[in-house]
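Have a look at the structure below before the remarks.
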Amino acid sequence: MVQRVAVIGAGPSGLTSVKACLDEGMEPTCFESSDDMGGLWKFKEVSEPNRASIYRSLTINIWKEMMCYSDFPIPADYPNYMHHSKILKYFRMYAEHFKLLPYIRFQTSVKRVTQRPDFSRTGQWEVVTENKDGLEEKNVFDAVICCSGHFNYPNLPLKDFPGIETFEGKYFHSWDYKGPEDMHGKRVVVIGIGNSGGDIAVEGSRVAEQVYLSTRSGAWVIRQVSDNGLPVDRFNTRFVHVMFRLLPMSVLNWLGEKKLNAMYDHAMYGLKPKHRLFSQIPVINDDLPFKILSGSVLIKPNVKEIRGSTVVFNDGSAAEN
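1 is the number of the first residue of the sequence shown in full-length UniProt numbering; add one for each residue after it.
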């Protein structure tokens, strides 16, 4: 008997899950709450609740040869680091090539997934969905693959910033960021030096009077353009993976950190983190070091408190409007 599989989400993982099910002779049904595939990579000018969001200028920080599906290479004329619009086109080409669209139910949300009363015997699941008209439907599946992503819910810990209620300017999460239009001629504080924080600080510095990038623990910053002008992922070879199995992590950290500091001394730039290189995900940004060097982005420690239009940092310095 053909096994029925529910796939939740038609993003990158959901699409390839549908294809894998078809390859194995299963019967997949993919439930996608939005009106299009692509998940995170579907750009919208206004962020929607409970849905991943990206900004207008976003370019992927992984080399195309490392991010493509193994059975469907990215077109040769596509750039090594692609704008989000090209990534979405690639996913659409993938879905059309492998004829996945008939198996996707768009604008259909999954409300509940529960084990059937006879689950111990059948292993089956009951999936309750709701379409765009609000009509609910129950279906039974032999398996459920959850591909709903992990960037849907922004974390905005306002309690960590005493005095935020007195702030006279505008504050928002990077989830709401689309472009630097509201930063023209202003003094901007970006809190957090992840990949989004680095991108927003760099982009904002092109139009803002001054950008302050506040970081609690620092970060290792890697360039996308590496030795000989090649994508940095080009050096993620089998040999490197063998070295990771043979050498102690302390040695690998020392080698990697020495390489990065040879490009720019992280301590001098105010970026030196408290953690070792391979302990956390690094920041991938070619422009940030120059923006720091030119003074358009000032690195600051964690925010201590907010007083009206003034942001005070842990070192006693302040950013005033």
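Cβ atoms here follow ideal geometry from the backbone N, Cα and C, with glycine treated the same way.
Item                                                                                                                                      : Value
The segment 101 to 111 in contact with the segment 21 to 32 per 3-pair CB rule at 8 angstroms                                             : yes
Start-end ranges of the beta strand (DSSP E) lying completely within the segment 206 to 275, minimum 3 residues                           : 210 to 214
Candidates Leu247, Gly198, Val211, Ala267: closest to proline 282 by CA position                                                          : Gly198
Three-state secondary structure assigned by DSSP to phenylalanine 91                                                                      : helix
Where phenylalanine 119 falls: helix, strand or coil (DSSP)                                                                               : helix
Chain-order list of residues whose beta-carbon lies under 6 angstroms from that of leucine 158 (same chain, five-residue window excluded) : Ile164
Simplified DSSP state of lysine 132, which is helix, strand or coil                                                                       : coil
Rounded Cβ spacing between tyrosine 78 and glutamine 224 (contact assumed at less than 8 angstroms)                                       : Tyrosine 78 to glutamine 224, Cβ: 15 angstroms. No contact.
Coil, strand or helix - asparagine 195 by DSSP                                                                                            : helix
Counterpart residues of threonine 29 in DSSP-defined beta bridges                                                                         : Ala6
Local Cβ density within 10 Å of serine 317, reported as buried at 16 or more and exposed below that                                       : exposed
Option in Glu130, Leu135, Asn139 with minimal Cα separation from glutamine 124                                                            : Asn139
Buried versus exposed call for lysine 132 [16 or more other C-beta atoms within 10 Å across all chains shown]                             : exposed
The segment 272 to 289 touching the segment 179 to 198, judged by at least three CB pairs closer than 8 angstroms                         : yes
Assigned secondary structure, histidine 83 (DSSP; H/G/I helix, E/B strand, else coil)                                                     : strand
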